[in-house]
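So the structure is just underneath, and the comments pick up after that.
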Amino acid sequence: MKIGAVLTREQVISARYVHHGLLTPFPDPLVAAQRLAGVQAQILPAAGLALWNRVAGFSADQLEHLLYHERSLVRLWGQRGTLHLYAMTDWPLVYGMQAGQATYWEQEAQRDGWAVDEYEAFIARVGDLLYEHETLGRSDLRRLLPAIDQRHLSGWGGVFAILTRRGLACHAAPRGGEARMTHRLRWRPDLVWEPPDTDTANAEMLRRYLAVFGPVRLVDMTCWRGRTQAEMKRWLALIGEEVVRVSVDGQPAWWLQSYLDRLADLPTPADLPPHLLGRFDPLLLGTRDKSWLIDADVYNRVWRPAGHIEATMLVHGRIAGTWRYDWRGSSIVVTLRPFKPLPPSERIRIESLAAGVAEHFAAPLGDCRWEAVA
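Position one of the sequence shown corresponds to residue 280 (my numbering), numbered consecutively onward.
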């Protein structure tokens, strides 16, 4: 295929920044969730910070309202088998992209020799219980089904992840520190349920991914989606007329054709505003190679053991340090850890963002601390 354009790394940084809503915010959190093809939400407050960075004035209280009261956002296991926030109207799409894909627990049950009809009866029974009750937690399942095995009560999903994969369950509001699930037909009985077929759904998710992360390599697509290169090639072919091959620093990559006309409008990285991204921010999850985002000598300060990803400071489009927030009574304390000394002007802007973090949580900023450069 002919190369459609030659891009510099600086253009890629700016493009991803802009299309992630980090320059001009998205109009509302539902648009943000749709444009980002979901917001990782293993840690729910971190997902709230991802939206705060991309939607002006977004608060933790708004997140709770949208999830559990308005029910216009939904928390589901999605790409890579991880929890994400999606627009409620995208639930059929998320179901479609995973339809027919067995969960870890289903695969383990098959290896253990469960008879198919017996196993399906077990899943159906849990589904019936979920529908009969407003919400269920794992403690409820232990009480209602004393014979249930610990594997299917796993905090990583278990039987609830199976029901979610089948389009029947989503997260409800936690209670007493316990995660709780609810049945789709009880939670949103009015939701139009017309899921697309698997290929159509994955082609749409790939289209959204290319829009915010492009240009990307095939290995980046597989890393983000958690599926094989053969599958990604098939879904890429379905949107083939919309896609163009480009070159980034001499390496081939894929992007949406319509975005090439916008290259001239991109700001330079020097003009990009700073951000305090939360843990597991979407910007950090979309590519296998992170060199466009962080220097190799500090990579391990962000990507930690056991798959943990720290909260990060972005300066001029790249990671310039890590940060954290802690509750001290009713106030928030923000601790900033730059990798290198930052100019006073950038420190002032970042301190203003720290105050915004506290405001997001409807709390006063008790302190903003800078740790010495390591």
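We put the beta carbon where it would ideally sit given N, CA and C, even for glycine. Note that this is a predicted model, so its numbers are computed, not measured.
Can you find the residues in the same chain that come closer than 8 Å, C-beta to C-beta, to residue i, ignoring five residues on each side of it along the sequence?
i: W384; result: R430, H431, S433, G436, G437, V438, A440 and I441
i: D478; result: R513, W514 and L517
i: Q530; result: R496
i: L302; result: Y296, P546, L551 and P552
Given a cut-off of 8 Å on the beta-carbon distance, is the pair residue i and residue j in contact?
i: A532; j: R558; result: no
i: L632; j: P553; result: yes
i: Y488; j: G375; result: no
i: Y365; j: L551; result: no
i: V318; j: P561; result: yes
i: V527; j: V353; result: no
i: V491; j: H363; result: no
i: G596; j: Y538; result: no
i: R463; j: T382; result: no
i: P306; j: F337; result: no
i: W466; j: R541; result: no
In chain order, what residues of the same chain have a beta carbon less than 6 Å from the beta carbon of residue i, not counting five sequence neighbours either side?
i: E650; result: R616
i: D646; result: V612
i: Y604; result: I611, V613 and V636
i: A284; result: V525 and L539
i: Q377; result: R444
i: W370; result: V353
i: D499; result: T566 and R567
i: P623; result: none
Compare the C-alpha of residue i against each of the options and name the closest.
i: S293; options: W571, D476, R607 and P584; result: W571
i: R567; options: L301, S624 and R504; result: R504
i: P324; options: P620, P623 and A590; result: A590
i: L621; options: T477, T601 and L515; result: T601
i: L286; options: L555, K569 and W534; result: W534
i: R486; options: A516, W370 and H462; result: A516
i: V405; options: V395, G608, G392 and L423; result: L423
i: T501; options: Q530, M511 and P494; result: M511
i: R459; options: R648, Y347, S609 and K619; result: Y347
i: I629; options: F618, L593, L644 and P643; result: L593
i: E483; options: A509, E521 and G455; result: E521
i: A509; options: N481, Q536 and D428; result: N481
i: G586; options: R359, D428, A339 and F618; result: R359
i: T368; options: G519, Q380 and L345; result: L345
i: L372; options: G357, L644 and T361; result: G357
i: R288; options: K569, L355 and P468; result: K569
i: W606; options: Q341, E397, K619 and P643; result: P643
i: G379; options: A339, P584, G446 and L420; result: G446
i: G455; options: S609, D419, Y398 and I427; result: D419
i: A634; options: L555, I282, N579 and R583; result: L555
i: I282; options: V523, L342 and L355; result: V523
Looking only at DSSP bridge pairs, what is residue i linked to?
i: D646; result: V612
i: G416; result: R459
i: H554; result: L593
i: R404; result: Note: R404 sits in no beta bridge, so no partner.
i: A451; result: R459
i: H348; result: Paired residue(s): none; H348 is not in a bridge.
i: I588; result: W582
i: S526; result: V285 and P531
i: H363; result: Q319 and L355
i: R607; result: S610
i: I629; result: Answer is none; I629 lacks a bridge partner.
i: I598; result: L593
i: P617; result: G600
i: V495; result: W533
Enumerate in chain order the residues of its own chain whose CB-to-CB distance from residue i is below 7 Å, with the five nearest sequence positions on each side excluded.
i: V581; result: I573, I588, E589, T591, I598 and T601
i: E625; result: P553 and V594
i: A326; result: V318, Q319, A320 and L364
i: V577; result: F618
i: R506; result: none
i: D340; result: A641
Using a Cβ-Cβ distance under 8 Å, would residue i count as near chain D?
i: A440; result: Looking for chain D here will not work: only one protein chain is present.
Three or more C-beta pairs below 8 Å linking the region 413-428 and the region 440-460: yes
So, does the region 328-340 touch the region 637-650, judging by three or more C-beta pairs under 8 Å? yes
Counting Cβ pairs, one atom from each stretch, are 3 or more of them under 8 Å apart for the region 397-414 and the region 471-483? no
Counting Cβ pairs, one atom from each stretch, are 3 or more of them under 8 Å apart for the region 302-316 and the region 332-351? yes
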